[in-house]
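> First the structure, then my questions, so here it is.
Numbering (UniProt numbering), first residue to last: 1 to 353.
Right, dumping it as structure tokens:
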């Protein structure tokens with residue numbers, strides 16, 4: 001608002017950038033030493049082979065059709081559900097693992113959107129699923145946002161036919177950038193477990209960044225140790241190879257922010273965990289019309305999230321359907337109720353009226 005479109009994204013520069021470089025260098029080095037000592041203390045042994053199952057089903061093909069598209073020379077994989085002529089809904093999953101988008105609860109949301117006439121596009125971010133990876137500059141916000149814009153235009157979205165966008169985690173961070181830079185292409189948006197990019201250093205955009213925001217700015221080491229589970233005290237993430245982490249990390253290695261005076265004009269649904277109320281309120285300051293919701297575990301598998309998302313995106317349509325379905329009986333009951341109120345009012349009048 002009041003900010004030119006080419007000035008919305010700002011790169012962190014000057015003395016602020018120098019301070020960040022120094023903090024990343026020293027804090028990252030300290031974490032490398034700390035992790036190295038822990039690995040030696042625990043007698044870390046590198047596993048030469050892992051017991052993977054012979055076949056792994058990562059996506060339920062019954063939900064939609066798998067498609068590939070080249071945008072600005074980059075191959076993207078997505079799953080489309082619903083009629084192509086319907087209103088576009090772009091879903092951006094978290095990184096590095098997108099398997100949660102196919103749990104039964106979220107699959108039911110996708111099906112419901114398709115049933116209500118929407119064309120749902122579930123996109124693999126670069127470096128995840130079947131989409132092509134890229135280096136740090138390839139996944140920087142300016143480049144990533146232009147690719148997402150080109151994708152929406154290729155799928156049929158426009159200023160007169162804007163899309164709806166839903167983002168989780170890293171996908172939510174990209175949703176923030178997209179809506180700020182190209183808000184005319186978006187009618188509504190929802191971000192789940194994704195603080196505003198300007199809050200990056202206070203509230204990281206993904207769980208794997210917690211306590212490691214400065215360390216993950218380093219090359220090579222974060223990918224390797226995240227794959228081994230070293231940064232989660234032994235917890236193994238779904239993606240277990242170092243190269244599976246490159247996309248997720250390169251998305252959060254770019255030092256960009258949104259112009260502080262730019263506000264998002266379209267309606268937005270901001271969802272976070274019950275202990276992240278302060279972060280949601282801070283993120284809401286960048287929206288003109290935000291709706292805030294707290295859930296137990298913000299993600300595709302949360303039991304309360306499907307209802308919140310459907311109420312936000314298709315709630316009015318559902319209400320209209322219910323009114324229409326009442327038909328003649330609804331009008332008769334309404335007339336009876338009006339007559340009853342009239343008789344009650346008459347009885348309540350004083351005797352000399």
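The C-beta atom is built at its ideal place from N, Cα and C for all residues, glycine as well.
On the three-state DSSP scale, how would you describe residue 308?
The count along the chain shown starts at 1 and reaches residue 308 at position 308. The answer is helix: DSSP assigns residue 308 an H, G or I state.
> Pop quiz: residue 123 and residue 90 are said to be a contact at Cβ under 8 angstroms. What is the actual Cβ separation, rounded to whole angstroms?
Residue 123 sits at position 123 when you count from the first residue of the chain shown. Residue 90 sits at position 90 when you count from the first residue of the chain shown. At roughly 6 angstroms, the Cβ-Cβ gap stays under 8 angstroms, so residue 123 and residue 90 are in contact.
> Please state the DSSP three-state secondary structure of residue 208.
Position 208 of the chain shown, counted from the first residue, corresponds to residue 208. Helix at residue 208.
> Spatial neighbours of residue 288 within its chain, please: C-beta separation below 6 angstroms, excluding the five flanking residues on both sides.
Locating residue 288 in the chain shown gives position 288, counting from the first residue. 263, 265, listed in sequence order.
> Between residue 256 and residue 9, is the Cβ-Cβ spacing less than 8 angstroms?
Here residue 256 refers to the residue found at position 256 of the chain shown. Here residue 9 refers to the residue found at position 9 of the chain shown. Contact: yes.
> Between which two residues does the beta strand (DSSP E) holding residue 163 run?
Locating residue 163 in the chain shown gives position 163, counting from the first residue. Per DSSP, residue 163 belongs to the beta strand (DSSP E) from 163 to 168.
> Any chance the region 208 to 221 sits against the region 106 to 124, with 3 or more Cβ pairs inside 8 angstroms?
The region 208 to 221 is not in contact with the region 106 to 124.
> So the candidates are 279, 101, 86, 14; which of them puts its Cα closest to the Cα of residue 92?
Position 92 of the chain shown, counted from the start, is the residue given in the question as residue 92. The candidate whose alpha carbon is nearest that of residue 92 is 101.
> Under the three-state reduction of DSSP, which class applies to residue 195: helix, strand or coil?
Numbered from its first residue, the chain shown carries residue 195 at position 195. Coil at residue 195, not helix or strand.
> Relative to the C-alpha of residue 275, which candidate in 177, 203, 290, 37 has its C-alpha closest?
The sequence position of residue 275 within the chain shown is 275, counting from 1. Out of 177, 203, 290, 37, 203 has the C-alpha closest to the C-alpha of residue 275.
> Would you mind stating whether residue 247 and residue 136 have Cβ atoms separated by less than 8 angstroms?
The residue you call residue 247 lines up with position 247 of the chain shown. The residue you call residue 136 lines up with position 136 of the chain shown. Result no, Cβ atoms of residue 247 and residue 136 do not sit closer than 8 angstroms.
> Buried or exposed: residue 62, going by 16 or more other Cβ atoms within 10 Å of its Cβ?
Translated into the one-based positions of the chain shown, residue 62 becomes position 62. Classification of residue 62: exposed, given that the 10 Å Cβ count is below 16.
> Any contact between the region 158 to 176 and the region 188 to 195? By contact I mean 3 or more CB pairs, one from each, below 8 angstroms.
With the cut-off at 8 angstroms, the region 158 to 176 and the region 188 to 195 touch.
> Ignoring anything shorter than 3 residues or poking outside the region 115 to 154, list the beta strand (DSSP E) runs there in chain order.
Those beta strand (DSSP E) runs which fall completely within the region 115 to 154 and span 3+ residues are 118 to 123.
> Which residues mark the beginning and the end of the beta strand (DSSP E) in which residue 280 is found?
Taking the chain shown and counting its residues from 1, the one referred to as residue 280 is at position 280. Taken as a continuous stretch (DSSP letters only), residue 280 belongs to no beta strand (DSSP E), being part of the alpha helix (DSSP H) at 277 to 284.
> Under 7 angstroms Cβ to Cβ from residue 112, same chain only, skipping five residues before and after it: list those, please.
Position 112 of the chain shown holds residue 112. Excluding positions up to five away in sequence, the list reads 310.
> For residue 148 and residue 178, which I take to be in contact (beta-carbon distance under 8 angstroms), what is that distance rounded to the nearest angstrom?
As a position in the chain shown, residue 148 is number 148, starting the count at 1. As a position in the chain shown, residue 178 is number 178, starting the count at 1. Indeed, because the Cβ distance is near 5 angstroms, the residues count as touching under 8 angstroms.
> Can you pull the DSSP bridge partners for residue 290?
The residue you call residue 290 lines up with position 290 of the chain shown. Looking at the DSSP assignment, residue 290 forms a beta bridge with 268.
> Please report the residue range of the beta strand (DSSP E) in which residue 10 lies.
Numbered from its first residue, the chain shown carries residue 10 at position 10. Unbroken beta strand (DSSP E) run through residue 10: 9 to 11.
> Inspect the beta-carbon positions of residue 298 and residue 193 and report whether they are closer than 8 angstroms.
The count along the chain shown starts at 1 and reaches residue 298 at position 298. The count along the chain shown starts at 1 and reaches residue 193 at position 193. Their beta carbons are under 8 angstroms apart, which means residue 298 touches residue 193 by this criterion.
> Tell me, to the nearest whole angstrom, how far the beta carbon of residue 242 is from that of residue 261; I am working on the premise that it is less than 8 angstroms.
Counted from its first residue, the chain shown places residue 242 at position 242. Counted from its first residue, the chain shown places residue 261 at position 261. In fact, because the Cβ distance is near 40 angstroms, the residues do not count as touching under 8 angstroms.
> Are residue 258 and residue 182 closer than 8 angstroms when you measure CB to CB?
Locating residue 258 in the chain shown gives position 258, where the first residue counts as 1. Locating residue 182 in the chain shown gives position 182, where the first residue counts as 1. The answer is no: Cβ separation not under 8 angstroms.
> Closest to residue 130 by CA distance: which of 139, 110, 88, 69 is it?
Numbered from 1 along the chain shown, position 130 holds the residue referred to as residue 130. Taking only the C-alpha atoms, the option nearest residue 130 is 69.
> Compute the Euclidean distance between the alpha carbons of residue 15 and residue 22, then round it to the nearest angstrom.
The sequence position of residue 15 within the chain shown is 15, counting from 1. The sequence position of residue 22 within the chain shown is 22, counting from 1. Approximately 11 angstroms, taken between the alpha carbons.
> Can you name the residues that DSSP bridges to residue 66?
Looking up residue 66 in the chain shown gives position 66. 79.
> Report the rounded CA-to-CA distance for residue 221 versus residue 245, giving the unit in angstroms.
As a first step, residue 221 must be located in the chain shown, where it is residue number 221. As a first step, residue 245 must be located in the chain shown, where it is residue number 245. Between residue 221 and residue 245, the C-alpha separation is close to 11 angstroms.
> Under the three-state reduction of DSSP, which class applies to residue 157: helix, strand or coil?
For the purposes of this step, residue 157 is taken as the residue at position 157 of the chain shown. The answer is coil: DSSP assigns residue 157 none of H, G, I, E or B.
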